[in-house]
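Counting from 1, one number per residue, gives the positions in the sequence shown under UniProt numbering. Step one of this worksheet: look at the structure below.
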Amino acid sequence: MEKSTRYIMAPSYLWDGTADEAETGVCLLIEDGKVICKETLGQCRRQAPDAEVYAGDYLILPGFTDAHDHGRGVSPTGYGVADRPLELWLQDLWKIPAVSHYTAAYYDGIQLASSGVTTVLHSHNPNDFGRLYEEVIDGAKGYNDAGIRCIMCPLYIDQNKGVYAERDEFIKSLPEDIGAAFRNSIHDKLFTIDEYLELIDALRKALQNEISEELVELQLHPNGGQWCSDEALLRMKEYALAHGMKIHMHLLETKYQAIYAQKTWGCSFIEHYENIGFLGPWLSCAHIIWITEKDQQLLQKYGVLSVNNPSSNIRLRSGIFPLRGMAEKEALVGLGLDGCAFDDDQDYLREMRVVFYNMEQVGMGSMIEHTIPLKMATVWGSRITDGRLSPGSLTPGADADFVCISMEELRRPYADDFTDVMDLLLHRGRRETVAMTFVKGRKIYDKLESQKKLAEAEQKIASEIKMLRREQPFRDIPWKRTLISKAEDFYKGWEMEYENYSNCTNCAEKKILV
1 MEKSTRYIMA
11 PSYLWDGTAD
21 EAETGVCLLI
31 EDGKVICKET
41 LGQCRRQAPD
51 AEVYAGDYLI
61 LPGFTDAHDH
71 GRGVSPTGYG
81 VADRPLELWL
91 QDLWKIPAVS
101 HYTAAYYDGI
111 QLASSGVTTV
121 LHSHNPNDFG
131 RLYEEVIDGA
141 KGYNDAGIRC
151 IMCPLYIDQN
161 KGVYAERDEF
171 IKSLPEDIGA
181 AFRNSIHDKL
191 FTIDEYLELI
201 DALRKALQNE
211 ISEELVELQL
221 HPNGGQWCSD
231 EALLRMKEYA
241 LAHGMKIHMH
251 LLETKYQAIY
261 AQKTWGCSFI
271 EHYENIGFLG
281 PWLSCAHIIW
291 ITEKDQQLLQ
301 KYGVLSVNNP
311 SSNIRLRSGI
321 FPLRGMAEKE
331 ALVGLGLDGC
341 AFDDDQDYLR
351 EMRVVFYNME
361 QVGMGSMIEH
371 TIPLKMATVW
381 GSRITDGRLS
391 PGSLTPGADA
401 DFVCISMEEL
411 RRPYADDFTD
421 VMDLLLHRGR
431 RETVAMTFVK
441 GRKIYDKLES
451 QKKLAEAEQK
461 IASEIKMLRR
471 EQPFRDIPWK
481 RTLISKAEDF
491 YKGWEMEYEN
501 YSNCTNCAEK
511 KILV
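If you want it as structure tokens, here you go:
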């Protein structure tokens, strides 16, 4: 099938990303990587009498967009980085070895393809800022060699490394030797915004073939609101609009980031970004948990895409994304794994289930339609590139990025025939139910054929990590443990200033005392 330019997919069920339910008796005619028509088998055959027909007991859906991830290959958990609140977790990431970005992205890409993902947004964590150019190119090649498309986001930071604000006061609270070590480890601005935009220019040129083939997209990537100055953000916006690009950033992942905005401007991040003219359809934001009702309205008004990362938000004790409120406002929402899926397995189908169950409300009125997580994974999430990569739908003219779910596996051990297959997918879908994944009409994953490829990629990354550990054995840095303890006390002090952020579970009611 990989070599066929024209064929017909004849599944038991098909959901095209736009309908309210799966259809039966409908096929896809695919030619040269595009969906030509979605009709009955007879109608497809009349259009293409010579096309080969592939029939099977499948549910076919659009390929999924993992709208925020990091391409680490192996979760930080494997390196002794325990799950804990983000501000403490970040202090432990020094333990991660410098795995080749090609190796990590290739392994991650195969895992994602086996879970139905056809496009991933890669928020790049450099091994070496001096080699950021080479690392981004290597990562893009790794994903593409695994068969999936990628959005590469080279990060930019120019302020507030270590702690978000009041850093001098924090350092004074540390023992003198630890304070000195901490201060020496901080480098807020490793390059200027001009140098960053020159890097983007160079990457656009180096990846121009992959970009023109719609296998790669570059996006500007201020790493987070507290880590990037307004001046840098506005320069990025100017560049993005001039070059038809988008901007992706972490934002409002924790309550301490929300408090930072109040300390800095006396209003929320979202209100501040409206004031400076930064909000718009060019922007997508990962996590974005700690938002008020007004923030939600502004995100919808300006067409900002919010990316929910539910497993990560749970594991790092960050909070619950206000999905129901955002869906009611028809705000754009995507879904990302963030490299922190439950079980450290990059299972995108399970992540949809976490979305469905992890609501900020309880009791009556707390449910969402089961199509919402599926749309987040497909037609909504694809808006992170305006559909330039995986389109998120299977309508005529769209690229044929799709996933085939085995109905035999989905029904195991039993399901009545009248059971809604979309609801069944949401409750039972997992990597093991994926039979095949396609990008541009080409099969990139087959459950029966791809296990050797996955095992080889796993062995390669494991061998590389073992070699790195042999060459540079892990050595603990005791002062880092003290730093984490002191950072916890520091942010607890912020909570005392803004008491009504504590123990608040309804995102729409989060107010800050100022």
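Virtual Cβ for every residue (Gly too), placed ideally from N, Cα, C.
Exercise. Would you mind stating whether Thr482 and Ile178 have Cβ atoms separated by less than 8 Å?
Key: yes
Quiz item: What first and last residue would you give for the alpha helix (DSSP H) that runs through Val421?
Solution: Val421 to Arg428
Quiz item: Distance, Cα to Cα, Arg287 vs His68?
Solution: Residue identity check: residue 287 is His in the sequence provided, not Arg. If you take the alpha carbons of His287 and His68, they lie about 9 Å apart.
Quiz item: Is there contact between the segment 53-71 and the segment 232-242, where contact requires at least three CB pairs shorter than 8 Å?
Solution: no
Quiz item: Expressed to the nearest angstrom, what Euclidean distance is found between the alpha-carbon atoms of Gly284 and Ile259?
Solution: Reading off the sequence, residue 284 comes out as Ser, not Gly. Roughly 21 Å separates the two Cα atoms.
Quiz prompt | Backbone CA spacing between Gly325 and Cys340 [nearest angstrom] | solution = 24 Å
Exercise. Could you round the C-beta distance between Arg204 and Leu218 to whole angstroms and report it? I think they count as a contact, below 8 Å.
Key: 6 Å
Self-check item: With 16 other Cβ atoms within 10 Å as the buried cut-off, status of Met407
Solution: buried
Exercise. Count the C-beta pairs between the segment 29-40 and the segment 316-323 that are closer than 8 Å, then say yes if the count reaches three, no if not.
Key: no
Quiz item: By Cβ distance, which residues of its chain are closer than 6 Å to Val81, with the 5 residues on each side in sequence left out?
Solution: Asp92 and Lys95
Quiz prompt | For Asp201, three-class secondary structure by DSSP | solution = helix
Exercise. Can you have a look at Ile186 and say buried or exposed, based on whether 16 or more other CB atoms are within 10 angstroms of its CB?
Key: exposed
Quiz item: Taking contact to mean at least 3 C-beta pairs separated by less than 8 Å, is the segment 129-139 in contact with the segment 95-107?
Solution: yes
Exercise. Kindly indicate the opening and closing residues of the beta strand (DSSP E) around Arg149.
Key: Arg149 to Cys153
Practice problem: Return the Cβ separation of Tyr13 and Tyr54 in integer angstroms, given the expectation that the two are a contact with Cβ distance under 8 Å. | Solution: Going by Cβ atoms, the distance from Tyr13 to Tyr54 rounds to 15 Å, so no, they are not a contact pair.
Quiz item: Are at least three pairs of beta-carbons, each pair with one atom in the segment 369-378 and one in the segment 193-203, less than 8 Å apart?
Solution: no
Practice problem: Mind reading off the beta-carbon distance from Ser390 to Thr5? Whole number of angstroms is fine, and I expect it under 8 Å. | Solution: Not quite, the Cβ-Cβ distance comes to about 20 Å (not below 8 Å), so this is no contact.
Quiz item: Are there three or more Cβ pairs, one per stretch, closer than 8 Å when the segment 469-481 is compared with the segment 437-444?
Solution: no
Quiz item: Between Ile384 and Leu279, is the Cβ-Cβ spacing less than 8 Å?
Solution: no
Exercise. Return the residue from the list Gln361, Ala457 and Lys492 that minimises the CA-CA distance to Gln111.
Key: Ala457
Quiz item: According to the neighbour-count rule (16 or more other Cβ atoms, all chains shown, within 10 Å of its Cβ), is Gln226 buried or exposed?
Solution: buried
Quiz item: Excluding sequence positions up to five away, which residues of its chain have a Cβ less than 6 Å from the Cβ of Ile461?
Solution: Gly73, Thr103 and Tyr107
Quiz prompt | Contacting residues, own chain, Cβ-Cβ under 6 Å from Phe356 (five flanking each side not counted) | solution = Pro373 and Leu426
Exercise. Can you have a look at Asn209 and say buried or exposed, based on whether 16 or more other CB atoms are within 10 angstroms of its CB?
Key: exposed
Exercise. Look at the Cβ atom of Leu335, then the Cβ atom of Asn358, and state whether they are nearer than 8 Å.
Key: no
Exercise. Count the other CB atoms, across all protein chains shown, that sit within 10 Å of the CB of Gly42; report buried if there are 16 or more and exposed otherwise.
Key: exposed
Quiz item: Is the beta carbon of Phe402 less than 8 Å from the beta carbon of Leu61?
Solution: yes
Quiz item: For Met367, does the three-state DSSP call read helix, strand or coil?
Solution: coil
Self-check item: Exposed unless 16 or more other CB atoms sit within 10 angstroms - verdict on Ala10
Solution: buried
Practice problem: Spell out the partners DSSP gives His221 in its beta bridges. | Solution: Leu155
Practice problem: Please determine if the segment 483-500 and the segment 257-272 are in contact, where contact requires at least 3 C-beta pairs separated by less than 8 Å. | Solution: yes
Quiz item: Can you find at least 3 beta carbon pairs, one from the segment 158-170 and one from the segment 116-135, that sit closer than 8 Å?
Solution: no
Practice problem: Quick one: grab the DSSP three-state call for Ser502. | Solution: Any reading at Ser502 is ruled out, since the residue's pLDDT is 44, under 50, leaving its predicted position unreliable.
Quiz item: Can you name the start and end residues of the beta strand (DSSP E) that Glu52 belongs to?
Solution: Glu52 to Pro62
Exercise. Kindly indicate which three-state DSSP category Ser212 falls into: helix, strand or coil?
Key: helix
Quiz prompt | Proximity below 8 Å, CB of Ser115 to CB of Asp347 | solution = yes
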